[in-house]
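Residue numbers (the working numbering): 16 to 196.
Virtual Cβ for every residue (Gly too), placed ideally from N, Cα, C.
Note that this is a predicted model, so its numbers are computed, not measured.
Take a look at the structure below.
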Amino acid sequence: MALEHAILVSLLEQPGSGYELARRFERSIGRFWTATHQQIYRVLKRMESDGWVTAVDVGQDGRPDKRDFSVSAAGRDVLTGWLREPVQPEAVRHDLAVKVRGAAFDDPAGRAALISEVVRYRADHEELLARYLAGEKRDFSGQEPDAGQRLQHVVLRGGIAYERMLLDWLDEVLIELRKES
Numbered sequence: 016m017a018l019e020h021a022i023l024v025s026l027l028e029q030p031g032s033g034y035e036l037a038r039r040f041e042r043s044i045g046r047f048w049t050a051t052h053q054q055i056y057r058v059l060k061r062m063e064s065d066g067w068v069t070a071v072d073v074g075q076d077g078r079p080d081k082r083d084f085s086v087s088a089a090g091r092d093v094l095t096g097w098l099r100e101p102v103q104p105e106a107v108r109h110d111l112a113v114k115v116r117g118a119a120f121d122d123p124a125g126r127a128a129l130i131s132e133v134v135r136y137r138a139d140h141e142e143l144l145a146r147y148l149a150g151e152k153r154d155f156s157g158q159e160p161d162a163g164q165r166l167q168h169v170v171l172r173g174g175i176a177y178e179r180m181l182l183d184w185l186d187e188v189l190i191e192l193r194k195e196s
């Protein structure tokens with residue numbers, strides 16, 4: 016997937032400025048596709064010159080003007096074409112998994128350091144799961160969702176399931192590492 020596709024999806028969900036888009040990447044879509052603010056602005060500029068997005072200058076009181084982006088018909092066509100392409104299996108890169116395998120070749124002090132890192136990593140993912148669950152409660156409780164909201168929710172549930180699976184795996188990793196310490 017190219018960053019352009021993630022931006023098109025996000026702008027179709029809700030048009031906005033580059034800053035607002037970068038914030039959305041930090042909060043939600045960024046768990047599946049990351050980008051820096053600079054990358055987002057650079058790609059938005061290219062997408063605008065390619066005719067995939069349009070921008071409207073919006074004046075703001077007491078703040079610099081902003082540019083609100085939305086997806087053009089050409090951008091929708093690009094996204095539709097990409098949506099219909101086959102999905103290829105991705106190579107998974109997971110530094111922690113390689114470190115866990117490598118722990119068999121480290122001394123007890125190194126394994127103790129790895130245990131501390133796994134504990135820290137686990138806490139980060141426990142916090143992320145809590146944020147996902149809070150977002151689910153906030154965004155998907157009490158009202159009948161439309162098709163777009165149902166699809167957003169199913170992606171969020173996938174993130175929740177992934178985080179739960181990862182936490183279970185990290186618990187197993189800690190058990191095994193502690194046996195070796």
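| Check | Outcome |
| --- | --- |
| Count the other CB atoms within 10 Å of the CB of residue 43; is the residue buried (16 or more) or exposed (fewer)? | buried |
| Using only alpha-carbon positions, find the residue among 71, 67, 101 and 97 that is nearest to residue 86. | 67 |
| If you count every other CB in all the chains shown that lies within 10 Å of the CB of residue 190, and 16 or more means buried, which is it? | exposed |
| Secondary structure at residue 95, three-state DSSP: helix, strand or coil? | helix |
| Determine the direct distance from the alpha carbon of residue 69 to that of residue 88, and round the result to whole angstroms. | 10 angstroms |
| For a test of the three-state rule: what should DSSP assign to residue 78, helix, strand or coil? | strand |
| Hey, residue 93 and residue 81: beta-carbon distance below 8 angstroms or not? | no |
| Drop a sphere of 10 angstroms on the beta-carbon of residue 166, count the other beta-carbons inside from all chains shown, and report buried for 16 or more, exposed for fewer. | exposed |
| Which residue from 56, 150 and 187 puts its Cα closest to that of residue 169? | 150 |
| In chain order, what residues of the same chain lie with their CB nearer than 7 angstroms to the CB of residue 113, ignoring the 5 residues before and after it? | none |
| How would you write the range of the alpha helix (DSSP H) that residue 128 sits in, first residue to last? | 123-154 |
| Using CA atoms only, rank isn't needed, just tell me which of 127, 185, 159 and 121 is closest to residue 198. | Only positions 16 to 196 of the chain appear in this structure, which leaves residue 198 out of reach. |
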